[in-house]
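Protein chains in written order, with the numbering used here: chain A, 209 to 720; chain B, 147 to 254. Glycine included, each C-beta is placed from N, C-alpha and C at the ideal position. None of the values given here were measured: they were computed from a predicted structure. Okay, so here's the structure we're looking at.
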């Protein structure tokens, strides 16, 4: 009796695990780029060569070991304040004034306190310092995000490709991005978790999980929390099941609004109406590249032509991507520079694109799997299919990778500046002191000592009293009256002050 | 200062590994108990840990003035892990108690 022909699916089985071993480190290295110095990539060859050389530098520890982004500095100052006081209700670490608004309000949730407490707890449990967390955690979390994408889509074709495509999430778009320790990017797995629980969960436990995840998502970051809520509602509608099951899921998803909605109702409208000064970056939509967009269209078509349990997540991604597109397009058309309707939706939009594009790749492989082949040709055909899918995915990923390479980063500290910061930490400076430093370095110096910065860069705006720092440098050290007028007691600048002082360390001076 | 100096602090790598293990306990317990039917559910453990730990800390801080200190964080983490995994722990202990005579016999 003739043996049945092996299908390509059977022949390709071991590639899934091996693929994860390649894809996850790739994501980690790609999202470590802010910490990896190197030249800009101008051509596709530069991208491949740059990734290889920077990956090597990363493994050898020849990268920037300090937090690099202004938002990271800002949050580290708040982590340190929570750690110092042991209280969730912290005063502003720069001024000592109470924070405006209750934690249980839009303005309170926009302070991202849940995420800050989570980072402090992680630090307290593991002993990892805050700068080290800013160095490594974003890249590791980016790898975890890819793993979540794979775990969510796995029964559907293209789960591995979708995990690889999470690299298209931009590292920064007006101070946001996966490569940095910031909550808007950190909260993205919550969206995938809610979809997974809604799509696959059984029993009463899933309702507890959903209520916890939605509440947790809101406390991580308001916008991904809202996206997770919408994703859960869409999944509840699209998943197979009875209407009673769907009603139960919708109830569990909306339950957190009982304790969240009253708190945020008062200033929700004002938050959506508020605008920032930062310009739109409309070209970021093209950053994913034409091939990714075409693959996403193919994946979306497959998801809607093949309704079933496997295509629930891709269909949810499509609905979310369309909703995000409408919001983004409206914001640009109406010139409405709002974080909720524009800036913070971009990572979620790219996450959906990654899921759909991966599904598009999987669709091609699924078509290939249907071809019956002779037993002798099964393995070569499978290998060819994998190679073609790999090349296609590689070509698709080159433009977004190039975008990662050309992003301007904010390497605020070098070895000399960090040595001064460490000396400042070891000095007698405390919360009663006021110090002058480069505005961008001030948040971390504040985190190290608790001393109040005279000049500081807050995310999304020009430095506070930045003119004073410029004057100090231009005047060659100001004078005693200038320091007395401002109450400045320490200077952490590699320029000696023109006032009676004691040199604490190189670049650290105590004004007498 | 090198990257290595920034990484190895406190008790060093041992604390990092043990702390990471303890950090994951409540999340994995929650995934085991609440995510029945979700494929590869333990993969969602980190998300659930980052969910239940800060929410509990915020609730305790606001409700009872419990501070966010290292000792309280360890206590909350282990307490939550035990609380969430209680049904499985009870079942495991029953299993062991029921079979203890046979185990003791076998050990003789």
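Looking at the C-beta of residue 231 (chain B), does it have a partner C-beta in chain A at a distance below 8 Å?
-> What you label residue 231 (chain B) is simply residue 85 of the second chain in a count that begins at 1. So, not an interface residue.
Taking all protein chains shown into account, do 16 or more other C-beta atoms lie within 10 angstroms of the C-beta of residue 209 (chain B), making it buried, or fewer, making it exposed?
-> Here residue 209 (chain B) is taken as the residue at index 63 of the second chain, counted from 1. So residue 209 (chain B) ends up on the exposed side.
Start-to-end residues for the beta strand (DSSP E) that takes in residue 710 (chain A) = Sequence index remark: in the first chain, residue 710 (chain A) carries index 502 (1-based). Unbroken beta strand (DSSP E) run through residue 710 (chain A): 709-713.
Do you know offhand how far residue 549 (chain A)'s Cα is from residue 429 (chain A)'s?
-> Stepping through the first chain from its first residue, residue 549 (chain A) is reached at position 341. Stepping through the first chain from its first residue, residue 429 (chain A) is reached at position 221. When rounded, the distance between both Cα atoms is 14 Å.
Is DSSP giving residue 185 (chain B) helix, strand or coil here?
-> Position 39 of the second chain holds residue 185 (chain B). Three-state result, residue 185 (chain B): coil.
Check whether the Cβ atoms of residue 698 (chain A) and residue 643 (chain A) sit closer than 8 Å, and answer yes or no.
-> Position 490 of the first chain, counted from the first residue, corresponds to residue 698 (chain A). Position 435 of the first chain, counted from the first residue, corresponds to residue 643 (chain A). Contact: yes.
Per DSSP, residue 717 (chain A) forms a beta bridge with which residues?
-> By one-based count along the first chain, residue 717 (chain A) stands at place 509. Bridge partners of residue 717 (chain A): A:699 and A:711.
Under 8 Å between C-beta atoms of residue 285 (chain A) and residue 651 (chain A) | Along the first chain, read from residue 1 onward, the residue named residue 285 (chain A) stands at position 77. Along the first chain, read from residue 1 onward, the residue named residue 651 (chain A) stands at position 443. The answer is yes: Cβ separation under 8 Å.
In three-state DSSP terms, what is residue 326 (chain A)?
-> Taking the first residue of the first chain as 1, we reach residue 326 (chain A) at position 118. Note: residue 326 (chain A) maps to helix in three-state DSSP.
So, are the CB atoms of residue 720 (chain A) and residue 702 (chain A) less than 8 Å apart?
-> Along the first chain, read from residue 1 onward, the residue named residue 720 (chain A) stands at position 512. Along the first chain, read from residue 1 onward, the residue named residue 702 (chain A) stands at position 494. No.
Touch test, the segment 651-662 of chain A against the segment 711-719 of chain A, Cβ-Cβ under 8 Å, three pairs minimum | no
Of all the CB atoms in chain B, is at least one closer than 8 Å to the CB of residue 719 (chain A)?
-> Translated into the one-based positions of the first chain, residue 719 (chain A) becomes position 511. Output row for residue 719 (chain A): interface = no.
Tell me where the beta strand (DSSP E) around residue 195 (chain B) begins and ends.
-> Here residue 195 (chain B) is taken as the residue at index 49 of the second chain, counted from 1. Where residue 195 (chain B) is concerned, there is no enclosing beta strand (DSSP E), although the alpha helix (DSSP H) it sits in stretches over 191-210.
Look up residue 636 (chain A) in the DSSP assignment and say whether it is helix, strand or coil.
-> Position 428 of the first chain, counted from the start, is the residue given in the question as residue 636 (chain A). Coil at residue 636 (chain A), not helix or strand.
Chain A partners of residue 191 (chain B), CB-CB under 8 Å?
-> On the second chain, position 45 is the one that residue 191 (chain B) refers to. Per Cβ cutoff of 8 Å: no residues; residue 191 (chain B) is ~10 Å from chain A at best.
List the DSSP bridge partners of residue 664 (chain A).
-> On the first chain, residue 664 (chain A) is found 456 positions in, with the first residue counted as 1. Residue 664 (chain A) pairs with A:672.
Could you give the distance in angstroms between the alpha-carbon of residue 494 (chain A) and the alpha-carbon of residue 617 (chain A)?
-> As a working note, residue 494 (chain A) is residue 286 in the first chain. As a working note, residue 617 (chain A) is residue 409 in the first chain. One C-alpha to the other measures close to 20 Å.
Would you please state the rounded distance, in angstroms, between the beta carbons of residue 500 (chain A) and residue 565 (chain A)? I believe it to be under 8 Å.
-> Translated into the one-based positions of the first chain, residue 500 (chain A) becomes position 292. Translated into the one-based positions of the first chain, residue 565 (chain A) becomes position 357. Yes, residue 500 (chain A) and residue 565 (chain A) are in contact; Cβ-Cβ is about 5 Å, under 8 Å.
Start and end residues, alpha helix (DSSP H) containing residue 239 (chain B) = Counting from one through the second chain, the residue named residue 239 (chain B) turns up at place 93. Element bounds for residue 239 (chain B): 232-253.
Beta-carbon separation (whole angstroms), residue 366 (chain A) vs residue 232 (chain A), contact threshold 8 Å | Residue 366 (chain A) sits at position 158 when you count from the first residue of the first chain. Residue 232 (chain A) sits at position 24 when you count from the first residue of the first chain. About 16 Å; that fails the 8 Å criterion.
Please state whether DSSP places residue 299 (chain A) in a helix, a strand or coil.
-> Start at 1 with the first residue of the first chain, and residue 299 (chain A) comes out as number 91. Reduced to three states, the DSSP call for residue 299 (chain A) is strand.
Helix, strand or coil: which one does DSSP assign to residue 388 (chain A)?
-> As a working mapping, residue 388 (chain A) is identified with position 180 in the first chain. Coil.
What residues of chain B sit near residue 355 (chain A), judged by a beta carbon separation below 8 Å?
-> As a first step, residue 355 (chain A) is located in the first chain; it is residue number 147 there, counting from the start. The answer, in chain order, is 189.
Given a threshold of 16 other Cβ atoms within 10 Å of its Cβ, counted over all protein chains shown, does residue 467 (chain A) qualify as buried or as exposed?
-> Here residue 467 (chain A) refers to the residue found at position 259 of the first chain. With fewer than 16 Cβ atoms within 10 Å of its Cβ, residue 467 (chain A) is classed as exposed.
Do the segment 336-346 of chain A and the segment 387-406 of chain A touch if we need at least three Cβ pairs shorter than 8 Å?
-> yes
Buried versus exposed call for residue 254 (chain B) [16 or more other C-beta atoms within 10 Å across all chains shown] | Working through the second chain from its first residue, we reach residue 254 (chain B) at position 108. Under this definition residue 254 (chain B) is an exposed residue.
Just the C-alpha distance for residue 333 (chain A) and residue 211 (chain B), rounded to the nearest angstrom, thanks.
-> Within the first chain, residue 333 (chain A) is the residue found at index 125, counting from 1. Within the second chain, residue 211 (chain B) is the residue found at index 65, counting from 1. Each residue's Cα considered, the two are about 20 Å apart.
Just mark residue 226 (chain A) as buried or exposed, buried being the case when its beta carbon has 16 or more other beta carbons within 10 Å.
-> For this step, residue 226 (chain A) is matched to residue 18 along the first chain. That one is exposed.
Answer yes if the segment 440-447 of chain A comes into contact with the segment 401-413 of chain A, meaning at least three C-beta pairs across the two stretches below 8 Å, and no otherwise.
-> A contact exists between the segment 401-413 of chain A and the segment 440-447 of chain A.
Would you list, in chain order, the members of the segment 412-430 of chain A that have their beta-carbon closer than 7 Å to a beta-carbon of chain B?
-> 413, 414, 416, 417, 420, 421, 423, 424 and 427
Counting Cβ pairs closer than 8 Å, one from the segment 243-255 of chain A and one from the segment 268-278 of chain A, do we hit at least three?
-> They touch, by the three-pair rule.
Residue 177 (chain B) beta carbon less than 8 Å from that of residue 187 (chain B) = As a working mapping, residue 187 (chain B) is identified with position 41 in the second chain. As a working mapping, residue 177 (chain B) is identified with position 31 in the second chain. Contact flag set, yes.
Residue span of the alpha helix (DSSP H) that contains residue 373 (chain A), given as start and end | For the purposes of this step, residue 373 (chain A) is taken as the residue at position 165 of the first chain. Looking at the DSSP string, the run of the alpha helix (DSSP H) that includes residue 373 (chain A) is 367-373.
Please go through the same chain and pick out, in chain order, the residues whose beta-carbon is closer than 7 Å to the beta-carbon of residue 195 (chain B), but skip the five residues on each side of it.
-> Counted from its first residue, the second chain places residue 195 (chain B) at position 49. For residue 195 (chain B), where only same-chain residues beyond five positions count, the Cβ hits under 7 Å are 169, 170, 172 and 173.
Residue 458 (chain A): first and last residue of the uninterrupted alpha helix (DSSP H) it sits in | Along the first chain, one-based indexing puts residue 458 (chain A) at 250. That run of the alpha helix (DSSP H) goes 451-462.
What residues of chain B sit near residue 334 (chain A), judged by a beta carbon separation below 8 Å?
-> Numbered from its first residue, the first chain carries residue 334 (chain A) at position 126. Per Cβ cutoff of 8 Å: 161, 162, 165, 166 and 169.
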